[in-house]
Amino acid sequence: MATAAVTTERKNYLNAEYGIRSWLLTTDHKRIALLYLLSITLFFFIGGFFALLIRLELLTPAGDLLTADMYNKAFTMHGQIMVFFFLIPSIPAVLGNFLIPMMIGAKDLAFPRINLLSWYIYVAAGVLYIYCLATGGVDTGWTFYTPYSSMFSNTHVVEAGLAIFIVGFSSILTGLNFVVTVHRMRAPGLTWSRLPLFVWSHYATSIIMLLGTPVIAITLVLVVLERTLNLGIFDPARGGDPVLFQHLFWFYSHPAVYIMILPSMAVMSEIIPCFSRKRVFGYTFVAMSSIAIAAIGFIVWAHHMFVAGISLYSALVFSCLSFLVAVPSAIKVFNWTATMYKGSVSFSTPMLYAMGFIGLFTIGGLTGLFLATLGVDVHVHDTYFVIAHFHYVMVGGAVMGYLGGMHFWWPKISGRMYPEGWGRLAAVVVFIGFNLTFFPQFIVGYLGMPRRYWQYPPEYQVYNVLSTAGASILAVGYLLPMVYLLWSLRYGKIAPDNPWQATGLEWRTASPPPTFNFDETPEVTWEAYEYDKMPLPEEVTLER
Amino acid sequence: MSDRAGIGETPLAVEHEERPELRHHFADVEQQRNAATLGMWWFLGTEIMFFGGMFCAYLVYRRWYFPEFAASSRSLDLIVGTLNTAVLICSSLTVAMSVRAAQLGRRTLQVKLLLATIFFGLVFLGVKAYEWNNKYKEHHIPTFSFSANDLIKENQKLFGLDQLQNDPAKLQERKAEIQRRSQIFFSLYFALTGMHAIHMVIGVGLFGVITWMAYKGRFTPEYHTPLEIAGLYWHFVDIVWIYLFPLLYLIDRRPGA
Amino acid sequence: MADHSEHVVRASLYWLVWAILIVATFLTAWVATVDLGAFNTVVALFIATCKASIVVLIFMGVKYTHEKMTRPILVGAVFWLLILLILSLADYSSRYAG
Ligand code: HEM
Ligand SMILES: [Cu+2]
Numbered sequence: 006m007a008t009a010a011v012t013t014e015r016k017n018y019l020n021a022e023y024g025i026r027s028w029l030l031t032t033d034h035k036r037i038a039l040l041y042l043l044s045i046t047l048f049f050f051i052g053g054f055f056a057l058l059i060r061l062e063l064l065t066p067a068g069d070l071l072t073a074d075m076y077n078k079a080f081t082m083h084g085q086i087m088v089f090f091f092l093i094p095s096i097p098a099v100l101g102n103f104l105i106p107m108m109i110g111a112k113d114l115a116f117p118r119i120n121l122l123s124w125y126i127y128v129a130a131g132v133l134y135i136y137c138l139a140t141g142g143v144d145t146g147w148t149f150y151t152p153y154s155s156m157f158s159n160t161h162v163v164e165a166g167l168a169i170f171i172v173g174f175s176s177i178l179t180g181l182n183f184v185v186t187v188h189r190m191r192a193p194g195l196t197w198s199r200l201p202l203f204v205w206s207h208y209a210t211s212i213i214m215l216l217g218t219p220v221i222a223i224t225l226v227l228v229v230l231e232r233t234l235n236l237g238i239f240d241p242a243r244g245g246d247p248v249l250f251q252h253l254f255w256f257y258s259h260p261a262v263y264i265m266i267l268p269s270m271a272v273m274s275e276i277i278p279c280f281s282r283k284r285v286f287g288y289t290f291v292a293m294s295s296i297a298i299a300a301i302g303f304i305v306w307a308h309h310m311f312v313a314g315i316s317l318y319s320a321l322v323f324s325c326l327s328f329l330v331a332v333p334s335a336i337k338v339f340n341w342t343a344t345m346y347k348g349s350v351s352f353s354t355p356m357l358y359a360m361g362f363i364g365l366f367t368i369g370g371l372t373g374l375f376l377a378t379l380g381v382d383v384h385v386h387d388t389y390f391v392i393a394h395f396h397y398v399m400v401g402g403a404v405m406g407y408l409g410g411m412h413f414w415w416p417k418i419s420g421r422m423y424p425e426g427w428g429r430l431a432a433v434v435v436f437i438g439f440n441l442t443f444f445p446q447f448i449v450g451y452l453g454m455p456r457r458y459w460q461y462p463p464e465y466q467v468y469n470v471l472s473t474a475g476a477s478i479l480a481v482g483y484l485l486p487m488v489y490l491l492w493s494l495r496y497g498k499i500a501p502d503n504p505w506q507a508t509g510l511e512w513r514t515a516s517p518p519p520t521f522n523f524d525e526t527p528e529v530t531w532e533a534y535e536y537d538k539m540p541l542p543e544e545v546t547l548e549r
Numbered sequence: 193m194s195d196r197a198g199i200g201e202t203p204l205a206v207e208h209e210e211r212p213e214l215r216h217h218f219a220d221v222e223q224q225r226n227a228a229t230l231g232m233w234w235f236l237g238t239e240i241m242f243f244g245g246m247f248c249a250y251l252v253y254r255r256w257y258f259p260e261f262a263a264s265s266r267s268l269d270l271i272v273g274t275l276n277t278a279v280l281i282c283s284s285l286t287v288a289m290s291v292r293a294a295q296l297g298r299r300t301l302q303v304k305l306l307l308a309t310i311f312f313g314l315v316f317l318g319v320k321a322y323e324w325n326n327k328y329k330e331h332h333i334p335t336f337s338f339s340a341n342d343l344i345k346e347n348q349k350l351f352g353l354d355q356l357q358n359d360p361a362k363l364q365e366r367k368a369e370i371q372r373r374s375q376i377f378f379s380l381y382f383a384l385t386g387m388h389a390i391h392m393v394i395g396v397g398l399f400g401v402i403t404w405m406a407y408k409g410r411f412t413p414e415y416h417t418p419l420e421i422a423g424l425y426w427h428f429v430d431i432v433w434i435y436l437f438p439l440l441y442l443i444d445r446r447p448g449a
Numbered sequence: 012m013a014d015h016s017e018h019v020v021r022a023s024l025y026w027l028v029w030a031i032l033i034v035a036t037f038l039t040a041w042v043a044t045v046d047l048g049a050f051n052t053v054v055a056l057f058i059a060t061c062k063a064s065i066v067v068l069i070f071m072g073v074k075y076t077h078e079k080m081t082r083p084i085l086v087g088a089v090f091w092l093l094i095l096l097i098l099s100l101a102d103y104s105s106r107y108a109g
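Protein chains in written order, with the working numbering: chain A, 6 to 549; chain B, 193 to 449; chain C, 12 to 109.
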């Protein structure tokens, strides 16, 4: 409070202009990132609300809280919101948007107006989805499997399908912007081999967005046409093939899981070297593994369809290919651990999230391999084992990365420090809550509890009670940062330009940055992550 | 060279003052132009995958239901389809020529060529509407009282119906099957040509704006990026049709097949 | 900086391309009515690919561009399309019943 009077504030992107218009019509990538932050947070809470309903229903074996129909809608809308309206835009549209131009020394993304347009598209889709939700919702599962979605469901499949079709365009435009920006807007001297790994990872993500999203777009259009005009392309009763829908759906949706995890890996590659005070181990390998993940991620999709009636030969091929995709993921994990090895590691909040990420992502990835094994999958397909697998990667991996990144760059974004003690506490709570929620699901899934039912045999109750208890802890872990980050906006310590003594270009400008990021275009003459040449000055102490 | 951000020797301030089209966050016009065309190329990559989903469905069913696809394909008007393809090719020529006119700074020619492009685009859409209308009359629009009876009558041998003459139950079953399968062809036909037509409509709208800009003299030999990238889009839509034409109209036109 | 002025293509070349495309169109239509057995489809797609290639190279200017990325993007997108088509069709053609 005392500080307000003392300094005449520097001009930055936040105080450059005031008023609602200056936000809604902005083309500043940093402001658009904040617009995204607000909107995805809203959807995170809506999605979280449905998760709460699901977990409460499953507290007891009987179907007492929700009817079967309501339960179907709850898990469908939980999934669709979390995947399409939260996780896919989360890191790219918020942190990527905010940071990529700064990391490459540019004034903005290549197409600022398209960037704003992509947010409006997101909002339009979000409004349509909320309309769908408010008028009764949809119950097909997030996967829209035909012919249930196209012929039988009498819920609002058309609205939901269109909303997700539309939100796809916002993600395509974001990807387009990133790719072109990375190609065209780099500061002098910033060669590809000097790019931060954050940028590499987002580049790979963008390729998936560009080449995968259109396929789900057209697929959803066909489902919508099938419902409205009775086309019959996916309807077995009329000569269509429902498995074709699954091919087209997973052609996008498996790569889409990498849209969710790659940006999180991007965050890891920034946090880990910084808090280990070491260069990233094997820079080239980490960079190339992002590209490899994007590429190989496109040739494994049918591992979701092993029991759907695809040919045995192609199941075998897809099983083998799925093992391949674990290789680049493992390379990353090994390289991060090698980066920490003999580093001077400090356990600051972002680093806690990063270490959580490594552990949880490893479990998630390895159980992915179990699932990719044909014989095992026949047993655990459509059980809680799958649920646990993908929550380990998407929540334990992607969301942890998102939170870690939000803390790491919060000083840059807001110009304030968050309270470190609370930050660490929240990270630990999230980690404990997460494991308590999802680890029992591996067991109960392996024992045979199927997914997507509102009732279950009483012998599974122990695991479900544990899981629901964990979910409550997890919820607290998510609410904490909401509270103290908002608190810090007003009461947090003023952040220095480079609180972590990190090497990236984004730390060489003010916190918060000026509208055009740099007072003059930087000239890059150094490699990324030269932490060995950047000792901590006396006065800076990172928490140990 | 041009792959690295083109922040070159031009003093920034000077270039920004002289070139009103240069947006603030680019270092120079060169960089801006490169960004725009590169963006369009990536977008076209996206478009390939967008149509790709439908091509995938097409291939699957074409393999499964070849006789029905061949018969249905033959019910499309070959002459009209061929001429319409030619119309679209003409429009691509006028687009290419209009970019050239812009490069040479010939404004009137440019506007004329752009108007010709729009004209050809509209002709194409008109012909398409005519063809769709014919399909409507023939009861070939899925679910709108769809009927494959004409196909069945004309292709007894192809469908193997002649061998089922003395087994009425099987015959009925087979006929129902033909009905379903040819309906799949027409579903895909309308989905593909419909999507293509939507792209054409967008293209015509886009070129309306471009023509207006050209008329206002916005394009110079140094700067005509909007025209250029709209042109790329138009050519792409043309290429989609170049593939749709044989895939839809020419599945099997062999005499006596 | 290097001279990046665009390459202005001769008008006669555009006319030539146009003529080839038109001829090729009629050629495809005609050749489809000749019995080549399984090769009808091959020929039709071959002609279509030739047409598409010259549109890309000449009309879209890929032959003349300074832009290093256009070719990789194009090849990449077509390759991705082939992944979709080939791997899906591989399933269908190796199923016991069609
Ligand atoms: C290490 C690489 C991975 C492999 C080999 C793998 C393998 C698999 C397999 C085989 C399934 C299907 C299980 C079944 O339905 O029976 C599956 C499901 C799933 N995986 Fe993974 N996975 C990997 C990484 C990831 C990542 C990184 C994410 C997300 C960030 C993810 C998200 C999902 C989701 C959402 C599902 C469930 C989809 C559904 O049916 O609703 N996976 N995974
Ligand atoms: Cu998968």
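We put the CB at the ideal spot given by N, CA and C, even for glycine.
Within-7 Å CB hit, Pro259/B to chain A: no
Contact with chain B by Ala515/A, beta-carbon distance below 7 Å: no
Per-residue burial, Thr196/A [other beta carbons within 10 Å of its own, 16 or more giving buried]: exposed
Collapsed DSSP secondary structure at Leu204/B in the structure displayed: Any reading at Leu204/B needs caution, since the residue's pLDDT is 47, under 50, leaving its predicted position unreliable; the model's value is listed next. Reduced to three states, the DSSP call for Leu204/B is helix.
Beta-carbon proximity list for Ala476/A, same chain, < 6 Å, skipping 5 on both sides: Arg60, Thr442
Cβ-Cβ separation, Asn235/A to Val285/A (assumed contact under 8 Å), whole Å: 55 Å between Cβ atoms; not a contact.
Partner residues on chain A for Asn347/B, Cβ-Cβ distance less than 8 Å: Under the 8 Å cutoff, chain A gives no residues; its nearest Cβ is about 17 Å from Asn347/B.
Endpoints, the alpha helix (DSSP H) within which Met387/B is located: 360 to 407
Own chain, CB closer than 8 Å to Ile126/A, minus 5 neighbours either side, in chain order: Ile171, Val172, Phe174, Ser175, Leu178
Beta-carbon spacing of His207/A, Gly110/A below 7 Å: no
Ser105/C to Gly314/A span [Cα, whole Å]: 11 Å
Interface residues of chain C facing Leu216/A [CB-CB closer than 7 Å]: Ala88, Trp91
Residues near Trp306/A in its chain [Cβ-Cβ closer than 6 Å; skip 5 each side]: Trp255, Phe256, His259
Closest by C-alpha distance to Gly409/A, when choosing among His396/A, Pro333/A, Glu22/A, Gly428/A: Gly428/A
DSSP three-state assignment for Pro455/A, whether helix, strand or coil: strand
Minimum Cβ-Cβ distance from Ile94/C to chain A less than 7 Å: yes
Check whether Glu213/B and Tyr415/B have beta carbons under 7 Å apart: yes
Every unbroken alpha helix (DSSP H) inside the region 262 to 349 of chain A [4 residues or more]: 288 to 301, 317 to 345
Own chain, CB closer than 8 Å to Gly497/A, minus 5 neighbours either side, in chain order: Ser419, Arg421, Met422, Tyr423, Pro424
Nearest candidate by alpha-carbon position, reference Ala297/A, set Ala331/A, Arg456/A, Ile105/A: Ala331/A
CA-to-CA distance, Phe411/B to Met405/B, given in whole angstroms: 7 Å
Chain-ordered neighbours of Thr274/B on chain C, where CB pairs are closer than 7 Å: Thr36, Phe37, Ala40
Exposed unless 16 or more other CB atoms sit within 10 angstroms - verdict on Trp531/A: exposed
Simplified DSSP state of Ile499/A, which is helix, strand or coil: strand
Short CB-CB distance (under 7 Å) between Phe447/A and chain C: no
Member of Leu350/B, Ala340/B, Tyr435/B whose CA lies at the smallest distance from the CA of Gly273/B: Tyr435/B
Limits of the alpha helix (DSSP H) - the one that Gln224/B falls within: 221 to 256
Closer than 6 Å: Gly141/A CB and nearest ligand 1 heavy atom: no
Test: Arg11/C CB closer than 7 Å to a CB of chain A: Residue coverage of chain C in this structure runs from 12 to 109, which leaves residue 11/C outside it and unanswerable.
Span of the alpha helix (DSSP H) around His188/A: 162 to 189
Cutoff 7 Å: Tyr25/C Cβ touching any chain B Cβ: yes
Neighbourhood of Gln375/B by C-beta distance below 6 Å, restricted to the same chain and skipping five residues each side: Pro334, Phe338
C-beta contact flag for Ser274/A and Leu200/A at 7 Å: no
Minimum C-alpha distance to Ala3/A - residue among Thr289/A, Leu57/A, Asp69/A: Past the edges of chain A, shown from 6 to 549, lies residue 3/A, and the structure says nothing about it.
Cα-Cα separation between Leu167/A and Trp26/C, rounded to whole angstroms: 43 Å
Counted within 10 angstroms of its Cβ, other Cβ atoms place Gln295/B as buried (16 or more) or exposed: buried
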